[in-house]
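Undergrad: My structure is below; once you've seen it, I'll send some questions.
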Amino acid sequence: MYIIGLNVFHGDASACLFKDGKLLAAAEEERFTRIKHSAGFPKESIKFCLNEANISLNEINFIALNRNPKNRIFNKLYYFIRNQLKIKNFINRYKNFKKILSLEDEFLKHFPNVKHKIRKKIIHVDHHLAHAASSIYSTNLNESNYITIDGFGDFLSTSVGVFKEDKIIKTNEVEFPHSLGLFYTSITQFLGFKNYGDEYKVMGLASYGKPTFLEKMSSVVTFDKEKLFKLNLDFFRHHKEGIEMSWIEGTPNINNVFSDKFIETFGKERLENEKITNKHKDIAASAQKLYEIILFKILNNLYDKNQSDNLCLSGGCAMNSVANGKILQNTNYKNIFISHTPNDSGGAIGAAVVVQKKNKIKININSIKNPYLGNSYDSNYIKKIIKKRETEFQEKKINIIEYDQKKILNEVALNISEQKIVGFFQGRMEFGSRALGNRSILADPRSHEIKNILNSKIKRRESFRPFAPSILQDEVSNWFKVNDQVPYMSKVYEIKDNKRDKVPAIVHVDGTGRLQTVTPETNLRFYNLIKIFQKITNVPIILNTSFNENEPIVRTPDQAINCFLRTNMDVLVLENFVLRR
Ligand SMILES: [Fe+2]
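Letter by letter, the sequence shown follows residues 1 to 581 in our numbering.
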């Protein structure tokens with residue numbers, strides 16, 4: 001049985017494909033359109049998934065969507081009527097509702113050879129149930145508590161519950177207009193980061209500030225034992241005006257959600273190109289702190305009701321790796337599980353899992369744990385691309401060598417230890433927003449200068465943003481204060497005080513690092529590379545940042561070559577080929 005999972009008509013549109021419970025392929029549409037967080041209908045991702053399995057849409061049994069607009073329809077209507085919302089807002093929601101329900105038209109537009117009735121194959125799965133399934137079914141747990149937490153999806157922003165006897169049992173939820181995700185978005189917009197998905201910038205900035213606004217901010221969101229938490233709606237607009245998300249031609253955009261009271265309380269909002277001051281840093285630090293306080297209270301409240309050692313965490317807010325890294329310290333949970341795609345793109349996997357469970361199909365957990373689900377290109381293909389661009393390389397004096405499997409990692413590790421910046425392109429592209437060694441830029445963590453070089457000359461991004469360490473799993477306890485498995489860079493932990501000087505390029509201003517733990521099982525070639533680097537330098541860590549320059553992560557060898565030529569990267573590894581300046 002073939003099942004397609006989709007996140008559609010929303011930011012981070014994506015598709016995945018399962019065959020008999022095994023996840024075969026998954027991709028985010030942004031990698032094809034080259035528009036960050038691309039929204040709309042993920043036609044290229046669907047085509048890619050079908051190609052990987054060498055099948056046509058006619059062979060698909062079900063199409064699972066991580067959204068069900070019919071859910072809570074009466075609650076929505078009641079809310080609109082009771083609050084006398086603007087008619088425009090109601091029409092916008094109705095249009096989105098219709099669009100999701102008329103998905104068949106989109107399929108017919110892009111797949112004209114479809115013979116069967118698509119409508120009969122489409123199954124709508126509740127947004128937060130899909131989030132929950134995406135994290136729970138990427139573990140081998142028999143029982144666990146879970147939380148899903150995001151902006152909004154199907155009129156909910158949060159759900160908590162229990163997983164036992166192979167069932168996901170929701171015990172509490174938070175409805176529109178209350179949302180921790182939206183609270184974080186409002187701070188992000190207020191601090192001048194206006195792009196969809198910029199919340200991680202506030203998280204990075206928070207480490208530079210002090211939570212001096214915490215007391216004032218505490219009135220914006222409050223914990224509530226029964227309702228989990230409440231927003232003080234005086235600080236927001238969305239409950240009256242709705243959240244207008246436009247995504248024509250791909251880029252998702254959300255209107256400002258903070259109100260005038262927000263400005264009265266916290267001062268003037270930062271303009272996009274305005275200098276970042278200490279006040280902005282302190283607001284970011286206060287918002288991060290408040291988010292953490294409320295999150296830990298919700299998690300402890302859930303633990304009091306069901307004492308499990310395990311917690312599965314998903315939803316867009318599960319991308320907050322700083323908060324995730326503090327859960328062990330601040331709650332009784334012993335194991336925290338976060339999938340490689342806790343955000344909406346991963347909801348495609350969750351929706352497909354839910355539909356398969358309903359059809360009594362056994363889920364292949366290992367296939368979901370594996371984040372390497374995208375395009376790959378063999379050496380012959382790469383050889384052809386290099387040949388095609390031969391003159392360009394000659395003009396730019398690029399030296400090209402094809403190595404054998406054994407030698408290449410020694411050469412690349414040596415280059416990294418010589419402070420060269422290396423674009424590392426191998427195997428299948430990662431699903432999700434993190435580069436985990438297959439579409440990565442790698443550098444020496446021991447260098448004091450590399451952070452600035454990477455930020456200013458390669459990535460062209462804000463100087464306050466940290467770089468992540470990829471570390472051998474066996475070495476975590478020697479370098480970090482917490483020993484844990486973090487295969488997808490989803491948690492930030494403190495680096496041991498006596499080790500910080502040894503790896504300045506990956507130590508954030510507060511002494512932390514958003515680590516990726518690497519094992520031979522997760523990524524053998526990347527593991528071996530770090531192992532060789534360790535032999536040369538005595539450091540089992542390589543700096544790992546996504547292979548891109550202010551754009552979606554590269555997907556194809558051509559895109560990797562373009563990025564290499566555009567920037568000041570020293571070395572480009574394309575499978576067994578090494579290009580050097
Ligand atoms: Fe979501």
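Note that beta-carbon positions come from the ideal geometry of N, C-alpha and C, so glycine has one too.
1) Check whether the Cβ atoms of Pro211 and Lys289 lie closer than 7 Å to each other.
2) Mind reading off the beta-carbon distance from Ile368 to Ser138? Whole number of angstroms is fine, and I expect it under 8 Å.
3) List the endpoints of the continuous alpha helix (DSSP H) containing Tyr303.
4) Taking 7 Å as the limit between beta carbons, can you name the residues of its chain near Glu411, skipping five residues before and five after?
5) Is it the case that the Cβ atoms of Ile4 and Ile63 are separated by a distance below 7 Å?
6) Tell me which same chain residues have a C-beta within less than 6 Å of the C-beta of Phe190, skipping the five on either side of it?
7) In whole angstroms, give me the CA-to-CA distance for Asn255 and Lys240.
8) Would you list the one or two residues that DSSP bridges to Ser314?
9) Output needed for Lys279: all residues of its chain with C-beta closer than 8 Å, excluding positions within five of it in sequence on either side, in chain order.
10) Start and end of the beta strand (DSSP E) containing Ile338?
11) Pick out the complete alpha helix (DSSP H) segments inside the segment 479-558, 4 residues or longer, and give them in chain order.
12) Suppose you measure from the CA of Thr556 to the CA of Gly181; what does that come to, to the nearest Å?
13) Taking Cβ to Cβ, would you say Asp309 is nearer than 7 Å to Lys334?
14) Give every residue of the same chain whose Cβ lies closer than 7 Å to the Cβ of Phe564, excluding the five residues on either side of it in the sequence, and list them in chain order.
15) Cα separation between Val353 and Glu106?
16) Go through its chain and collect everything with a Cβ distance to Lys225's Cβ below 7 Å, but skip five positions before and after it.
17) Using 8 Å as the Cβ pair cut-off and three pairs as the minimum, do the segment 149-159 and the segment 321-336 touch?
18) Round the Cβ separation of Glu30 and Lys36 to the nearest angstrom and send it over; I've been treating them as touching at under 8 Å.
19) Buried or exposed for Arg439, going by 16 or more other Cβ atoms inside 10 Å?
20) Under a three-way DSSP split, which group does Thr188 fall into?
21) Using CA coordinates, which residue listed in Ala53, Gly11, Leu77, His116 is at the minimum distance from Arg67?
22) Locate the beta strand (DSSP E) running through Phe62, then write down its first and last residues.
23) Which of the three DSSP states, helix, strand or coil, is assigned to Leu77?
24) So, Ile553 versus Ser546, is the Cβ gap smaller than 7 Å?
25) Decide if Glu59 is buried, meaning its Cβ has at least 16 other Cβ atoms within 10 Å, or exposed.
26) Between Asn583 and Ser490, which are expected to be in contact by the criterion C-beta below 8 Å, what is the C-beta distance as a whole number of angstroms?
27) Considering only residues of the segment 393-418, which uninterrupted beta strand (DSSP E) runs meet the minimum length of 3 residues and lie entirely inside it, listed in chain order?
28) Less than 8 Å between C-beta atoms, sequence neighbours within five positions excluded: which residues of the same chain meet that for Asn568?
29) So, helix, strand or coil for Lys38, using DSSP?
30) Shorter than 6 Å, the distance from the beta carbon of Gly315 to the closest heavy atom of ligand 1, or not?
31) Using alpha carbons as the reference points, say which of Lys326, Val8, Ile81 lies closest to Ile293.
32) For Thr331, collect the residues of the same chain with a Cβ closer than 7 Å to its Cβ; drop the 5 residues on either side in sequence, then sort them by chain order.
33) Please list, following the chain, all residues that have a C-beta closer than 5 Å to any non-hydrogen atom of ligand 1.
34) Decide if His448 is buried, meaning its Cβ has at least 16 other Cβ atoms within 10 Å, or exposed.
35) Could you give the uninterrupted runs of the beta strand (DSSP E) lying entirely in the segment 427-483, keeping only those of 3 residues or more?
36) Leaving out the 5 sequence neighbours to the left and right, which residues in its chain are closer than 7 Å to Leu442 when beta-carbon positions are compared?
TA: So, from the listed chains and residues:
1) When the beta-carbon positions are compared, Pro211 and Lys289 come within less than 7 Å of each other.
2) Right, their Cβ atoms sit about 5 Å apart.
3) Under the DSSP assignment, Tyr303 falls in the alpha helix (DSSP H) whose first and last residues are 278-305.
4) Contacts found: Tyr403, Val578.
5) Yes. Within cutoff.
6) Within the same chain, Phe190 has close Cβ partners Phe258, Glu269.
7) Straight-line spacing of the CA atoms in Asn255 and Lys240 works out to 13 Å.
8) Paired residues: Thr148.
9) Hits under 8 Å: Gly267.
10) From DSSP, the beta strand (DSSP E) with Ile338 extends over 335-338.
11) For the segment 479-558, whole alpha helix (DSSP H) runs of length 4 or above, ordered along the chain, are 524-537.
12) If you draw a straight line from the Cα of Thr556 to the Cα of Gly181, it comes to about 33 Å.
13) Yes, the pair counts as a contact, with Cβ atoms nearer than the cut-off.
14) These residues qualify, in order along the chain: Gly423, Leu572, Leu579.
15) Taking the straight line joining both Cα atoms gives about 23 Å.
16) Listed in chain order, the non-local C-beta contacts of Lys225 below 7 Å within the same chain comprise Asn301, local neighbours out to five positions each way being set aside.
17) Between the segment 149-159 and the segment 321-336 there are fewer than three inter-stretch CB-CB distances shorter than 8 Å, so the stretches are not counted as touching.
18) Their Cβ separation, rounded to whole angstroms, is 6 Å, which keeps Glu30 and Lys36 in contact under 8 Å.
19) Label assigned to Arg439: buried.
20) DSSP places Thr188 in helix when its eight states are reduced to three.
21) Taking only the C-alpha atoms, the option nearest Arg67 is Gly11.
22) In the DSSP assignment, Phe62 falls within the beta strand (DSSP E) that extends over 62-65.
23) Leu77 carries a helical assignment under DSSP once its states are collapsed to helix, strand and coil.
24) In this structure, Ser546 lies closer than 7 Å to Ile553 by Cβ.
25) Glu59 should be labelled exposed.
26) Limits of the chain in this structure are 1 at one end and 581 at the other, which puts residue 583 out of reach.
27) Here the runs fully enclosed are 399-402.
28) Once the five neighbours on either side are set aside, the close Cβ partners of Asn568 are Ile421, Ile453, Lys457, Ile458.
29) Correcting the residue identity first, residue 38 is Ser in this sequence and not Lys. In this structure, Ser38 counts as coil in the three-state DSSP scheme.
30) Closer than 6 Å to some heavy atom of ligand 1: that describes the Cβ of Gly315.
31) Measuring from the Cα of Ile293, the nearest candidate turns out to be Lys326.
32) Phe296, Leu299, Asn300, Tyr303, listed in sequence order.
33) Applying a distance threshold of 5 Å between residue Cβ atoms and the heavy atoms of ligand 1 selects Asp150, Gly153, Asp344, given in chain order.
34) Counting Cβ neighbours within 10 Å, His448 comes out exposed, since fewer than 16 surround it.
35) Fully enclosed beta strand (DSSP E) runs of 3 or longer: 439-443, 468-472.
36) Ile416, Val422, Phe424, Ile542, Leu543, Asn544.
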